[in-house]
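Read through the structure below, which is laid out as structure tokens, and then see the notes.
Numbering (this note's numbering), first residue to last: 50 to 230.
Printed below as a string of structure tokens:
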């Protein structure tokens, strides 16, 4: 009888290191209602790879007013068989790449606004993008994007593209192209 108890105790002790690990929650999909602003940004970057990028990230994650401006530019470009925004606004790049070393920091501005600073590595280079966030009935949404003090933010870029489209210009990015003289 003592032997049987020792064997059972020994077997129970062996089983401890193999106890099931706690189940971690799956990453939040970009389309889900996010309870915090950083989750929205992390979910977008988690979808990047060398061969792909987030599907409909603007539609799913932009505030209604920002998406209306985005959609107006893209629809006008499509109608003219041109390109509206000619770069990926999340990577600030022409191509796609896997995002690594992502860090985010949220700075609140009241209960329903704030900024998320996202720093990440893509294309073997570290980049920082700042997102103005607003809390809506559908969760946190991106209300503007800034790529640094030397460039127009997304809202200004969209306005410049739209103005160019209305004046019969090329309908391209309308950004700060230093070579355009």
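Yeah, the Cβ is synthetic: ideal placement off N, Cα and C, and Gly gets one too. In this text the structure is predicted, and so the values were computed from the model without any measurement.
Between residue 191 and residue 112 the beta-carbon gap is near 7 Å, inside 8 Å, which marks them as a contact. DSSP places residue 119 inside the alpha helix (DSSP H), whose first and last residues are 113-128.
A distance below 8 Å between beta-carbons, with the five flanking residues on each side excluded, links residue 150 to the following residues of its chain, in chain order: 168, 169, 170 and 175.
Rounded to whole angstroms, the separation of the alpha carbons of residue 177 and residue 197 is 8 Å.
Remark: three or more beta-carbon pairs, one from each stretch, lie closer than 8 Å, so the stretch 179-194 and the stretch 98-117 are flagged as touching. Considering only 95, 101, 203 and 127, the residue with the shortest C-alpha distance to residue 144 is 101. Residue 158 and residue 87 have their C-alpha atoms spaced approximately 14 Å apart. If you draw a straight line from the Cα of residue 133 to the Cα of residue 91, it is about 25 Å long.
Contact between residue 205 and residue 182 is absent: CB atoms are separated by about 18 Å, not below the 8 Å threshold.
Uninterrupted beta strand (DSSP E) stretches at least 3 residues long and entirely within the stretch 125-193 occur at 149-157, 162-171 and 174-185, given in chain order. CA-to-CA, the gap between residue 138 and residue 216 works out to about 24 Å. Straight-line spacing of the CA atoms in residue 122 and residue 202 works out to 15 Å. Burial state of residue 118 is buried, judged by a 10 Å Cβ sphere holding 16 or more other Cβ atoms. Residue 184 sits buried, since 16 or more C-beta atoms from the chains shown fall within 10 Å of its C-beta. Per DSSP, residue 87 is one residue of the alpha helix (DSSP H) stretching across 86-95. DSSP places residue 201 in no alpha helix (DSSP H); its state is neither H nor E.
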